[in-house]
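A.B. asks: One structure, pasted below without further comment.
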Amino acid sequence: MSEDCRMAGARLGEMAELMELKGENPFKVRAYQNAARLLESADLDLKALALEDRLTEIKGVGQGLADKIKEFLTTGNIADHEALKLEFPAGVVEMLKVPGLGAKKVKLLHDALAINNVGELEYACTENRLLTLKGFGEKSQKKILDGIALFRRHAGRSLLSHALEAALPLLEAIRRNKVVYQAELAGSLRRRRETVGDIDILVSTDEAPRVMEFVTRLADVESVIGSGETKTSIRLKSGMQVDVRAVKPIEFPFALHYFTGSKEHNVAIRSRAQAQGLKLNEYGLTRSADGTPLRCLSEADIFKVLGLDDIPPELREDTGEIEAALNHSLPKLVSADAIRGSIHNHTDWSDGIATLEEMVAAAKRIGWSYLGISDHSQAAGYANGLKPDRVVAQHALIDQVNAMRPGLRVLKGSEVDILASGEVDFDAETRGQFDYLVESVHSRFNLSVEEMTARVLKAIEDPQVMVLGHPSGRLLQARDPYPLDYERVFAACAREGVAIELNANPHRLDLDWRHIRHARDLGVKFFINADAHSAPGLDDVALYGIGLARKGWLEATDIVNTRDLQGVLAFFSERRSRAAKLRPGRA
DNA sequence: GCCGTTTTCGGCCCGACTGTTTTCAGTCG
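Residue 483 in my numbering is what sits at position 458 of the first sequence, and the numbering runs on without skipping anything.
Quick look at the structure:
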């Protein structure tokens, strides 16, 4: 049922893009965007609501949109949407993804220069054809070329979350096939990389051709790229490519290790095997001298034969995991059941879609013992940030909820903007009313590395700041991280007792796992936070945040929100006393 | 197209930044 919701939302979103290109009333476009965003992150039984004529009870859905949704539910299409698609080729819509290009400019490029896709746009830039257009100069042409380069770097890859959502149902379907003994995800998906190029599924069976045949007939398949006896590549309707490989049961552990990668990890492992007089490939592990196969029933067995501890897939990036496995110093990686709460979450008081009570109920369902509410601060006008009077009102509500003993403790927080000056939003008195602050950069991304670092370092000094939120500011496939001297920021966080956030939103996954270990080695502690803007958003901690922490080699003790409520409050007071010692006399 | 202690029309967030202009349009968050 939530699938209907997501798909209807996606359709309305596409319609909004097309209407924007067409130059429709911007407020009408926004109405479609709002409804799309809401539907895509909500979990409503649309069919039931439609049947009872109650679609208009959804906030932001009036009679017009209700009719469109109903049309989609009954016919699978929306006539207006089909008509709009005829007006603009898909390549024109794609140009909207180039940073710096909006609907107006794309339409002008399409109308005046007959540019139909990103490739033609790039060519037109190199021919200086944009310069003839009103409102375009050399700098904008250069900016568009840079934007295309960024767009290209991400093309063909998918977010981990999208890939997992597509892969898990396929995996289940394959596992249900009775000639399949075992099936697992492999590749970068199994290693929980933040983006993946394709979905790899490995199958153990004695009847490979039957499995291959079965795979080509799965529901979501758009086309079969290729299909042989043991390997089939398909393209899903979503555009994602899936490679399914079938091996014999005895080969499965070796193939699983091989196809999980990374390539770099495999090279290092194979050379280690070679040095021991062994040969490792996707079919087995044999003695080089006489070809005698060594039996392994699991990946752990393979590592054991090579004198190594079992290396979790997330660590297989050839960044020291093999040495650690040799020295028995691999970390005992954190798991989802260790998490006791999340302290960076939004409600409909700012830009979330769920009420505070709904968020609390969802957190309770997960089994958390505390939930921090951290709506945006006043400077975040675009996100409906709270002014001091609304802070007071929200705190009264939180007191009320806590007084009703909801089964967990609601903490009073705020995601405060780090202003361009490095000041933290709100006056000191208002800041003092919170249990804690998560501070984040949301504006002025184009500072130099010195300016940005100075800005963040200054903001860390506020004694109420407990967490540095999404430290790099990156949006996967959409926005590069802003320049920041991580070394100095990590050192300052360690000294101040300020934790660094591992933002579990699948579009962020920030701090990047490549930096996490270094921060930990400098003494930094972490929060894995949902940054939820809806009730289901809280699940991102378990779905994606844990994978991020594991890729960063973290154990439960590195992560503050594995502690109970008292432990988290103790972390806050420790932070305050450190700030007081570092800057005696300041509030 | 949605919404209503401003309720059936008229507003819907709005300021900063950029590149282009010479007072502004488009994009972004």
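Think of the CB as a built atom: it goes at the ideal place given N, C-alpha and C, for glycine as much as any other residue.
1. In terms of residue numbering, what span does the beta strand (DSSP E) encompassing Y395 cover?
2. Tell me whether M429 is buried or exposed, calling it buried when 16 or more other Cβ atoms sit within 10 Å of its Cβ.
3. Could you give the DSSP three-state label for V221: helix, strand or coil?
4. What separation, rounded to the nearest whole angstrom, lies between the Cα atoms of I294 and L573?
5. By the three-class DSSP mapping on this structure, what secondary structure does N471 have?
6. How should P114 be labelled, buried or exposed, when 16 other C-beta atoms within 10 angstroms of its C-beta is the threshold for buried?
7. Note down, one range per segment and in chain order, each beta strand (DSSP E) of at least 3 residues found wholly within the stretch 490-566.
8. In this structure, does DSSP put E238 in helix, strand or coil?
9. Could you tell me the distance, in whole angstroms, from the CA atom of E147 to the CA atom of L133?
10. Judging by CA-CA distance, which residue of R62, N586, N50 is the nearest neighbour of G366?
11. Quick one: measure Cβ to Cβ for Q419 and D450, integer angstroms, because I've assumed they're closer than 8 Å.
12. Find out if the Cβ-Cβ distance for the pair G410, S375 is shorter than 8 Å.
13. When you compare each of R216, S287, L444, F459 to L472 by their alpha carbons, which one comes out closest?
14. Give the single residue among V481, G592, N528, L536 whose Cα lies nearest to the Cα of V514.
15. Could you tell me the alpha carbon to alpha carbon distance between G555 and A208, rounded to whole angstroms?
16. Could you check where the alpha helix (DSSP H) with V269 kicks off and where it finishes?
17. Just curious, the alpha helix (DSSP H) that A115 is in, first and last residue?
18. Can you list, in chain order, the residues of its chain with a C-beta nearer than 6 Å to that of A60? Leave out the 5 residues immediately preceding and following it.
19. Would you list the one or two residues that DSSP bridges to Y283?
20. For N50, which three-state DSSP category applies?
21. Are S183 and T157 closer than 8 Å when you measure CB to CB?
22. Taking a contact to mean a Cβ-Cβ separation below 8 Å, would you say R270 touches L243 in this structure?
23. Which residue marks the beginning of the beta strand (DSSP E) containing T311, and which one marks its end?
24. For the candidate residues D225, A137, K437, H187, whose alpha-carbon lies nearest to that of V416?
25. Please classify G253 as buried or exposed, where buried requires at least 16 neighbouring CB atoms within 10 angstroms.
26. How do the stretch 563-573 and the stretch 512-530 stand: do at least 3 beta-carbon pairs fall below 8 Å, yes or no?
27. For G48 and T241, I'd like the C-alpha separation in whole angstroms.
28. Quick check on K606: does DSSP put it in helix, strand or coil?
29. Hey, could you find the ends of the alpha helix (DSSP H) D136 is sitting in?
30. With distances taken Cα to Cα, identify the nearest neighbour of L536 among S497, K357, I398.
31. Along the beta strand (DSSP E) that carries D171, what are the first and last residues, could you check?
32. Between the Cα of N202 and those of L175, M237, A211, A191, spot the shortest distance and give me the residue it belongs to.
33. If you check the beta carbons only, do P506 and R499 fall under 8 Å apart?
34. Can you name, in chain order, every residue of its own chain whose Cβ lies under 8 Å from the Cβ of P278, other than the five neighbours on each side?
35. In three-state terms, what does DSSP make of I327?
36. Within 10 angstroms of its Cβ, does A180 collect 16 or more other Cβ (buried), or is it exposed?
C.D. replies: Reading it off the structure:
1. 395-401
2. exposed
3. strand
4. 23 Å
5. coil
6. exposed
7. 490-493, 524-528, 551-554
8. helix
9. 15 Å
10. N586
11. Contact flag wrong, Cβ pair sits at about 15 Å.
12. yes
13. L444
14. V481
15. It is Ala, not Gly, that sits at residue 555 in the sequence shown. Computed Cα separation, rounded: 30 Å.
16. Premise fails: V269 lies in the beta strand (DSSP E), 266-272, not in any alpha helix (DSSP H).
17. 115-120
18. L37, G85, V86, L90
19. DSSP lists no partner for Y283.
20. coil
21. no
22. no
23. 309-312
24. K437
25. exposed
26. yes
27. 42 Å
28. helix
29. 128-138
30. S497
31. From DSSP, D171 is part of no beta strand (DSSP E) but of the alpha helix (DSSP H) over 163-179.
32. M237
33. yes
34. C321, L322, S323, E324, D326, I327
35. helix
36. exposed
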